[in-house]
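Undergrad: Right, I'll just put the structure down here and ask away after.
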Amino acid sequence: MTTTPTLRITGRVLVGPEDVRDDVWVVDGRVTFTAPVGAAARDVRTLSGWAVPGLVDAHCHVGLVSTGATDARTAEEQILADRASGALLLRDAGSPSDTRWIDERPELPRLIRAGRHIARPKRYLRGYAAEVEPDDLAAEVAEQVRRGDGWVKLVGDWIDRAQGDLAPCWPAESARAAIDTAHAAGARVTAHCFAESSLVDLALAGIDCVEHATGLTDETIGLFAQRGIAIVPTLVNIATFPQIAAGAAAKFPAYARHMRDLHARRYDTVAGAFEAGIPIYVGTDAGGSLPHGLVADEVAELVAAGLPPRAALGAACWDARRWLGRPGLDEGASADLVVYPADPTADVRVLRAPELVVLRGRVV
Numbered sequence: 002m003t004t005t006p007t008l009r010i011t012g013r014v015l016v017g018p019e020d021v022r023d024d025v026w027v028v029d030g031r032v033t034f035t036a037p038v039g040a041a042a043r044d045v046r047t048l049s050g051w052a053v054p055g056l057v058d059a060h061c062h063v064g065l066v067s068t069g070a071t072d073a074r075t076a077e078e079q080i081l082a083d084r085a086s087g088a089l090l091l092r093d094a095g096s097p098s099d100t101r102w103i104d105e106r107p108e109l110p111r112l113i114r115a116g117r118h119i120a121r122p123k124r125y126l127r128g129y130a131a132e133v134e135p136d137d138l139a140a141e142v143a144e145q146v147r148r149g150d151g152w153v154k155l156v157g158d159w160i161d162r163a164q165g166d167l168a169p170c171w172p173a174e175s176a177r178a179a180i181d182t183a184h185a186a187g188a189r190v191t192a193h194c195f196a197e198s199s200l201v202d203l204a205l206a207g208i209d210c211v212e213h214a215t216g217l218t219d220e221t222i223g224l225f226a227q228r229g230i231a232i233v234p235t236l237v238n239i240a241t242f243p244q245i246a247a248g249a250a251a252k253f254p255a256y257a258r259h260m261r262d263l264h265a266r267r268y269d270t271v272a273g274a275f276e277a278g279i280p281i282y283v284g285t286d287a288g289g290s291l292p293h294g295l296v297a298d299e300v301a302e303l304v305a306a307g308l309p310p311r312a313a314l315g316a317a318c319w320d321a322r323r324w325l326g327r328p329g330l331d332e333g334a335s336a337d338l339v340v341y342p343a344d345p346t347a348d349v350r351v352l353r354a355p356e357l358v359v360l361r362g363r364v365v
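Structure representation (structure tokens):
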């Protein structure tokens with residue numbers, strides 16, 4: 002990273018969806034909308050473009066590859082790919098790796114951890130999760146709260162090989178006890194859910210968020226909207242469902258049909274959730290099998306699903322930062338921002354080529 006003592010960005014500064022300024026200054030690593038004086042005004046680098054708060058990937062996995070935990074070098078390559086894409090705030094939705102060292106590296110994006118996935122034994126990808134039976138779920142949630150940064154991640158459903166299709170992983174009473182445990186410790190809970198069958202129980206148990214949420218129906222869309230339950234659709238990951246179905250069709254034909262159906266209606270599902278007022282945030286599911294740095298692709302997928310470009314962009318910056326409790330381009334906040342050559346609210350494809358990335362007040 003190179004030091005930028007004072008930076009001025011002119012053009013259009015998108016502080017919020019309706020708050021557009023003519024310029025913003027970065028002084029001593031902080032955002033200000035007041036021109037500096039004295040020493041800070043003597044060495045100023047001025048750039049022009051469209052500035053937005055640093056983007057958010059609200060569902061990724063740092064330190065995770067297809068076989069499980071990875072080494073620190075690979076984890077660093079993953080998070081640097083996110084940084085290059087303009088994603089400067091990441092919610093890690095489950096990883097078996099210890100990534101606390103990232104917090105000591107000011108040139109790396111900020112990371113909010115959800116501890117390790119929590120799954121039923123033999124009901125998730127090998128090497129990914131802490132595996133427990135329902136009676137031990139609440140205790141494991143308490144452990145993962147200690148490992149995380151205010152979030153816990155459950156595997157809400159997965160293929161049940163005895164049934165040959167997706168099925169819930171947790172009885173309703175176990176899910177409620179687990180979520181109550183997390184909330185009592187000040188943490189929020191999210192869950193991986195592909196299918197329809199786990200959503201009502203998790204919603205009634207007080208879940209805060211659902212990842213993927215491909216199984217939403219008119220009934221559960223209404224329930225989620227009423228309770229303010231957020232979703233992170235990860236549409237760039239849902240695009241892999243036909244490939245997953247093809248690999249499973251011979252042994253589990255019902256599961257394969259189900260996955261194809263969830264894929265076929267994915268855009269309608271997201272559009273229905275948006276129209277109902279369900280909070281929607283950008284997440285890529287990077288790590289595991291998908292590469293990092295896909296945040297712009299996910300924003301474009303939300304637009305393809307019917308979200309207006311401004312709403313899809315907000316799902317990756319203003320709205321997502323507020324949801325995660327992190328500042329955007331606020332007076333005095335750490336300067337984490339991205340500059341583009343054209344208006345991303347007019348065409349979100351602009352997000353694929355950042356002109357400038359500033360993290361903690363430094364140009365990267």
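For the working numbering, add 1 to where a residue sits in the sequence shown, where the first one is 1.
C-beta: ideal position from N, C-alpha, C; glycine also.
For clarity, every value in this text was computed on a predicted model and none was experimentally measured.
Is alanine 272 closer than 8 angstroms to arginine 261 when the C-beta atoms are compared?
TA: As a first step, residue 261 must be located in the sequence shown, where it is residue number 260. As a first step, residue 272 must be located in the sequence shown, where it is residue number 271. In this structure, alanine 272 does not lie closer than 8 angstroms to arginine 261 by Cβ.
Undergrad: Quick check: what's the CA-CA separation for arginine 43 versus glycine 50?
TA: On the sequence shown, position 42 is the one that residue 43 refers to. On the sequence shown, position 49 is the one that residue 50 refers to. Rounded to whole angstroms, arginine 43 to glycine 50 spans 22 angstroms at the Cα level.
Undergrad: Quick one: what does DSSP say tyrosine 384 is sitting in, helix, strand or coil?
TA: For residue 384 there is no data in the structure shown, the boundaries of the chain being 2 and 365.
Undergrad: Looking at the C-beta of valine 365, does it have a partner C-beta in chain B at a distance below 8 angstroms?
TA: Absent from the structure: chain B. Only one protein chain is present.
Undergrad: What runs of the alpha helix (DSSP H), each 4 residues or longer, lie entirely inside the region 191 to 261?
TA: 200 to 206, 219 to 228, 236 to 239 and 242 to 249
Undergrad: Taking the beta strand (DSSP E) that alanine 168 belongs to, which residues open and close that run?
TA: Residue 168 sits at position 167 when you count from the first residue of the sequence shown. Its beta strand (DSSP E) spans residues 166 to 169.
Undergrad: Does serine 67 pass the burial test, meaning 16 or more other C-beta atoms within 10 Å, or should it be called exposed?
TA: Translated into positions along the sequence shown, residue 67 becomes position 66. Per the 10 Å Cβ criterion, exposed.
Undergrad: Does DSSP put threonine 11 in a helix, in a strand, or in coil?
TA: Counting from 1 along the sequence shown, the entry for residue 11 is found at position 10. Look at threonine 11 here: in three-state DSSP terms it is strand.
Undergrad: Using the Cβ count rule (16 or more neighbours within 10 Å means buried), how would you classify threonine 35?
TA: Taking the sequence shown and counting its residues from 1, the one referred to as residue 35 is at position 34. That one is exposed.
Undergrad: Alpha carbon to alpha carbon, how far is tryptophan 324 from leucine 303? Give it in angstroms, no decimals.
TA: If you number the sequence shown from 1, residue 303 lands on position 302. If you number the sequence shown from 1, residue 324 lands on position 323. Answer to the nearest angstrom: the Cα atoms are 18 angstroms apart.
Undergrad: Would you grab the beta carbon distance between alanine 179 and leucine 236 for me? Rounded to a whole angstrom, and I think it's under 8 angstroms.
TA: The residue labelled residue 179 in the question sits at position 178 within the sequence shown. The residue labelled residue 236 in the question sits at position 235 within the sequence shown. Incorrect: roughly 28 angstroms between the Cβ atoms, too far for contact.
Undergrad: Flag this pair as touching only if the region 116 to 125 and the region 146 to 156 have three or more C-beta atom pairs under 8 angstroms; answer yes or no.
TA: yes
Undergrad: Taking C-alpha atoms, which residue in Leu112, Asp104 and Leu65 lies nearest to aspartate 56?
TA: To locate residue 56, count along the sequence shown from 1; it is residue 55. According to the sequence as given, residue 56 is leucine; it is not aspartate. Of the listed residues, the one whose Cα sits closest to leucine 56 is Leu112.
Undergrad: Which residues in the same chain have their Cβ closer than 7 angstroms to the Cβ of aspartate 269, if we skip the five residues on either side of it in sequence?
TA: The residue given as residue 269 occupies position 268 in the sequence shown. Result list for aspartate 269: empty, nothing under 7 angstroms.
Undergrad: So, is valine 358 buried or exposed, given that buried needs 16 or more other C-beta atoms within 10 angstroms?
TA: Taking the sequence shown and counting its residues from 1, one reaches residue 358 at position 357. The residue in question, valine 358, is buried, as its Cβ has 16 or more Cβ neighbours within 10 Å.
Undergrad: Closer than 8 angstroms by C-beta to aspartate 337: which residues in its own chain qualify, once you throw out the five before and the five after it? Chain order, please.
TA: Translated into the one-based positions of the sequence shown, residue 337 becomes position 336. Once the five neighbours on either side are set aside, the close Cβ partners of aspartate 337 are Pro54, Gly55, Leu89, Leu90, Arg111, Val359, Leu360 and Arg361.
Undergrad: Taking its Cβ as the centre, do 16 or more other Cβ atoms sit within 10 Å of proline 292, making it buried, or is it exposed?
TA: Stepping through the sequence shown from its first residue, residue 292 is reached at position 291. Proline 292 is exposed by the Cβ-count criterion.
Undergrad: Tell me the start and end of each unbroken beta strand (DSSP E) in the region 127 to 158 that is at least 3 residues and wholly inside, in chain order.
TA: 152 to 156
Undergrad: Using the rule of at least 16 other Cβ atoms within 10 Å of the residue's Cβ for burial, across every protein chain shown, is proline 309 buried or exposed?
TA: Your numbering for residue 309 matches position 308 in the sequence shown. So proline 309 counts as exposed.
Undergrad: Where DSSP assigns a beta bridge to isoleucine 279, which residues make up the other side?
TA: Position 278 of the sequence shown holds residue 279. For isoleucine 279, which the question treats as bridged, DSSP gives no partner whatsoever.
Undergrad: Taking the beta strand (DSSP E) that histidine 60 falls in, what are its first and last residues?
TA: In the sequence shown, residue 60 corresponds to position 59, counting from 1. 56 to 66 is the span of the beta strand (DSSP E), which, as asked, contains histidine 60.
Undergrad: Can you tell me which of Asp219, Ala186 and Ala185 puts its alpha carbon nearest to the alpha carbon of leucine 200?
TA: Taking the sequence shown and counting its residues from 1, one reaches residue 200 at position 199. For the residues Asp219, Ala186 and Ala185, the minimum Cα distance to leucine 200 belongs to Asp219.
Undergrad: Just checking my contact of valine 190 with aspartate 209 at CB under 8 angstroms: how many whole Å lie between their CB atoms?
TA: Within the sequence shown, the letter at position 189 stands for residue 190. Within the sequence shown, the letter at position 208 stands for residue 209. Between aspartate 209 and valine 190 the Cβ distance is about 5 angstroms, and since that is below 8 angstroms, they are a contact.
Undergrad: Apply the 10 Å Cβ neighbour rule to leucine 314 and answer buried if 16 or more other Cβ atoms are within range, or exposed otherwise.
TA: As a first step, residue 314 must be located in the sequence shown, where it is residue number 313. The residue is buried, with at least 16 neighbouring Cβ atoms inside 10 Å.
Undergrad: Could you pull the DSSP bridge partners for alanine 88 from this structure?
TA: Residue mapping note: residue 88 aligns to position 87 of the sequence shown, counting from 1. Leu56.
Undergrad: For threonine 285, which residues of its own chain have a beta-carbon under 8 angstroms away from its beta-carbon, when the five flanking residues on both sides are left out?
TA: Taking the sequence shown and counting its residues from 1, one reaches residue 285 at position 284. Hits under 8 angstroms: Asp58, His60, Cys61, Thr235, Val237, Asn238, Leu291, His293, Leu295, Val296, Asp298 and Glu299.
Undergrad: Buried or exposed for valine 21, going by 16 or more other Cβ atoms inside 10 Å?
TA: Here residue 21 refers to the residue found at position 20 of the sequence shown. Counting Cβ neighbours within 10 Å, valine 21 comes out exposed, since fewer than 16 surround it.
Undergrad: Which value, in whole angstroms, describes the spacing of the CA atoms of valine 16 and aspartate 331?
TA: Here the question's residue 16 lines up with position 15 in the sequence shown. Here the question's residue 331 lines up with position 330 in the sequence shown. Approximately 8 angstroms, taken between the alpha carbons.
Undergrad: So, are the CB atoms of alanine 1 and tyrosine 256 less than 8 angstroms apart?
TA: The structure shown does not extend to residue 1, since the chain is modelled only from 2 to 365, so the question has no answer here.
Undergrad: Can you round the beta-carbon distance between alanine 305 and arginine 31 to whole angstroms, since I take them to be within the 8 angstroms contact cut?
TA: Along the sequence shown, read from residue 1 onward, the residue named residue 305 stands at position 304. Along the sequence shown, read from residue 1 onward, the residue named residue 31 stands at position 30. That pair is no contact at about 37 angstroms.
Undergrad: Spatial neighbours of valine 27 within its chain, please: C-beta separation below 6 angstroms, excluding the five flanking residues on both sides.
TA: Taking the first residue of the sequence shown as 1, we reach residue 27 at position 26. Correct list, in chain order: Leu8, Ala336 and Gly362.
Undergrad: Could you check where the beta strand (DSSP E) with leucine 360 kicks off and where it finishes?
TA: Here residue 360 is taken as the residue at index 359 of the sequence shown, counted from 1. Element bounds for leucine 360: 357 to 360.
Undergrad: List the whole-angstrom C-beta distance separating valine 283 from alanine 317, where the pair is believed to meet the contact cut-off of C-beta under 8 angstroms.
TA: Mapped onto the sequence shown, residue 283 falls at position 282. Mapped onto the sequence shown, residue 317 falls at position 316. Confirmed, Cβ separation roughly 4 angstroms.
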